Amino acid sequence: MHVTIREASGRSTTTGPATDRRSTQAERSARTRSALLESAARGLSRYGYGNLILEQVASEAGYTRGALYHQFKDKEDLALAVIEWVDETWREEVGRQIEEEPDPVAALILLARGHAVFCRRDIARVAIALRLEFSGQDHPVGRRLEQVSEGLVKRCTRLINKGRRIGTIPAGPPARAVALAFIGAMEGAVIELAGQAPHDEVLAARAAAGVLGLDHDAVSTE
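Just so we're aligned: the sequence shown equals residues 17 to 238 in the working numbering.
Here it is, written out as structure tokens:
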């Protein structure tokens, strides 16, 4: 049975089995892609790019290698898609909170805490693993990862400059240098305290606050 619907524009559209089938196929494809991305993210975090086995990625996601190649043309395409997916997830879960916080100091501490919580999941360690693997190499995966990392550096630099303008962050080395040290302190704490929640969150925030020149006691332990 087909049902004709007249849209607000006056144009008629027909829905029926074919439309429903296309919708269902699109939903299945999206679920497949999401499962493969998550499986690949776990694999990249644990084994790195060079040791990633596509058959294993597909198997752990519950699909065949053919299904993987239907979504991604090769390992490089898959790794690039994982970087985009993890970055989008981070921006949704952590970045959005930062954007909604008007105070730059609170935003930076929120960033450190949120990043620590985010990194409790295997998928979040993709950037750390790949950054080490592709350091000093000219490779599409490494270049895309650097672009994503640079976006975080710029975000932190803007917040540091804003804090300095209003007097809540003390003057010191160039804002970009402080931003790089801030990210390094935050990620270092997260790596060393893996599996030690809630200490990872609290101490990542304290380490980040120290780099900013703030009193550690000002960071809430809640």
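Quick reminder that beta carbons are idealized off the backbone N, C-alpha and C, glycines included. Source: prediction; values computed, not measured.
Open item on the list: Suppose you measure from the CA of residue 19 to the CA of residue 41; what does that come to, to the nearest Å?
Closed with: Position 3 of the sequence shown holds residue 19. Position 25 of the sequence shown holds residue 41. Annotation note: pLDDT 41 at residue 19 (below 50); position unreliable, no value reported.
Open item on the list: On the DSSP letters alone, give me the boundaries of the alpha helix (DSSP H) that residue 89 sits inside.
Closed with: Translated into the one-based positions of the sequence shown, residue 89 becomes position 73. Per DSSP, residue 89 belongs to no alpha helix (DSSP H) and is neither H nor E.
TODO: Would you identify the three-state DSSP class for residue 187, choosing helix, strand or coil?
DONE: Residue 187 sits at position 171 when you count from the first residue of the sequence shown. Coil, per DSSP.
Open item on the list: Considering only the alpha carbon of each residue, which of 166, 167, 194 lies closest to residue 179?
Closed with: Counting from one through the sequence shown, the residue named residue 179 turns up at place 163. Nearest C-alpha to residue 179: 194.
Task: For residue 158 and residue 230, the rounded distance between their alpha carbons - done: Residue mapping note: residue 230 aligns to position 214 of the sequence shown, counting from 1. Residue mapping note: residue 158 aligns to position 142 of the sequence shown, counting from 1. In a straight line, the C-alpha of residue 230 is about 33 Å away from that of residue 158.
- [ ] Excluding the 5 residues preceding and the 5 following residue 228 in the sequence, name in chain order all residues of the same chain whose CB lies nearer than 6 Å to its CB.
- [x] Counting from 1 along the sequence shown, the entry for residue 228 is found at position 212. Result list for residue 228: 185, in chain order.
- [ ] Counting only the same chain and skipping the five closest in sequence on each side, list residues whose C-beta sits under 8 Å from that of residue 142.
- [x] The residue you call residue 142 lines up with position 126 of the sequence shown. Hits under 8 Å: 57, 60, 61, 98, 99, 102.
TODO: Pick out whichever of 72, 70, 79 has its Cα sitting closest to the Cα of residue 44.
DONE: Working through the sequence shown from its first residue, we reach residue 44 at position 28. For residue 44, the nearest C-alpha among the options comes from 79.
Open item on the list: Tell me which residues share the same chain as residue 26 and place their Cβ nearer than 7 Å to its Cβ, disregarding the 5 neighbours each side in the sequence.
Closed with: Translated into positions along the sequence shown, residue 26 becomes position 10. Only weak support is given to the placement of residue 26: the predicted model assigns it a pLDDT of 44, under 50, and the question is left unresolved by the model.
Task: Touch test, the stretch 121-134 against the stretch 206-223, Cβ-Cβ under 8 Å, three pairs minimum - done: yes
Task: Own chain residues within Cβ distance below 7 Å of residue 113, not counting five before or after - done: For the purposes of this step, residue 113 is identified with residue 97 of the sequence shown, where counting begins at 1. Correct list, in chain order: 126, 130.
Open item on the list: Here's a check: name, in chain order, each residue in its chain whose Cβ is nearer than 7 Å to the Cβ of residue 168, leaving out the five neighbours to either side.
Closed with: The residue given as residue 168 occupies position 152 in the sequence shown. The residues are 199.
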